[in-house]
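Asker:
In the working numbering, the protein residues as written are 1 to 122.
1. Give the C-beta separation of residue 30 and residue 50 to the nearest angstrom, bearing in mind that I take them to be a contact with Cβ-Cβ under 8 Å.
2. Just the Cα atoms here: how many angstroms apart are residue 125 and residue 41?
3. Tell whether a beta-carbon distance below 7 Å holds between residue 36 and residue 66.
4. Near residue 89, which residues of its chain fall below 7 Å by C-beta distance, leaving aside the five closest residues on each side in sequence?
5. Just how far apart, CA to CA, sit residue 83 and residue 104?
6. Residue 65 by DSSP, collapsed to three states: which one?
7. Is the distance from the Cβ of residue 78 to the Cβ of residue 91 below 7 Å?
8. By how many angstroms is the C-alpha of residue 27 removed from the C-alpha of residue 6?
9. Among residues of its own chain, excluding the 5 on either side of residue 85, which ones have a beta-carbon nearer than 6 Å to its beta-carbon?
10. Using DSSP's beta-bridge definition, name the partner residues of residue 22.
Set out below in structure tokens:
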């Protein structure tokens with residue numbers, strides 16, 4: 001699916017399958033994406049601020065320059081995701097899988113980390 005630049009803010013998209021989808025610059029802020037499948041999706045510069053991504057599959061997703069501030073990523077699979085310059089400020093990552101993800105320049109300020117603790121800085 002090519003949804004580059006689409007405005008899906010506030011949309012109810014529970015358990016939607018967007019495997020390999022093109023979502024560059026899409027606005028998904030405040031959307032309910034719980035259980036959604038974004039496996040290998042391109043979310044470069046996408047706005048997912050405040051989105052519900054509880055137990056979503058973001059394995060190998062491109063989240064470079066994406067905004068996930070205040071997003072609920074609890075239980076989400078972010079393994080192998082590309083999170084360079086990704087904004088994860090105040091995000092909830094409780095129970096999320098960050099294994100093998102490239103997150104060296106991601107901003108986790110104020111985020112709740114997978115182990116339930118608040119991010120304490122680099």
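Glycine residues also receive a C-beta, built at the ideal position from the N, C-alpha and C atoms.
Answerer: The relevant details are as follows:
1. To locate residue 30, count along the chain shown from 1; it is residue 30. To locate residue 50, count along the chain shown from 1; it is residue 50. Their Cβ separation, rounded to whole angstroms, is 5 Å, which keeps residue 30 and residue 50 in contact under 8 Å.
2. Nothing about residue 125 can be reported from this structure: the residues present for the chain run from 1 to 122 only.
3. By one-based count along the chain shown, residue 36 stands at place 36. By one-based count along the chain shown, residue 66 stands at place 66. No, they are not a contact pair.
4. Against the chain shown, residue 89 aligns to sequence position 89. 69, 107, 109, 110, 111.
5. Mapped onto the chain shown, residue 83 falls at position 83. Mapped onto the chain shown, residue 104 falls at position 104. Going from the Cα of residue 83 to the Cα of residue 104 covers about 8 Å.
6. Counted from its first residue, the chain shown places residue 65 at position 65. In the structure shown, residue 65 sits in coil (DSSP, three-state: anything other than H, G, I, E or B).
7. As a working mapping, residue 78 is identified with position 78 in the chain shown. As a working mapping, residue 91 is identified with position 91 in the chain shown. No, Cβ-Cβ distance for residue 78 and residue 91 is not below 7 Å.
8. Taking the first residue of the chain shown as position 1, residue 6 is located at position 6. Taking the first residue of the chain shown as position 1, residue 27 is located at position 27. Those two C-alpha atoms are separated by around 6 Å.
9. Residue mapping note: residue 85 aligns to position 85 of the chain shown, counting from 1. Excluding sequence neighbours, residue 85 sits near 65, 105.
10. In the chain shown, the residue the question calls residue 22 occupies position 22. DSSP lists 2, 42 as partners of residue 22.
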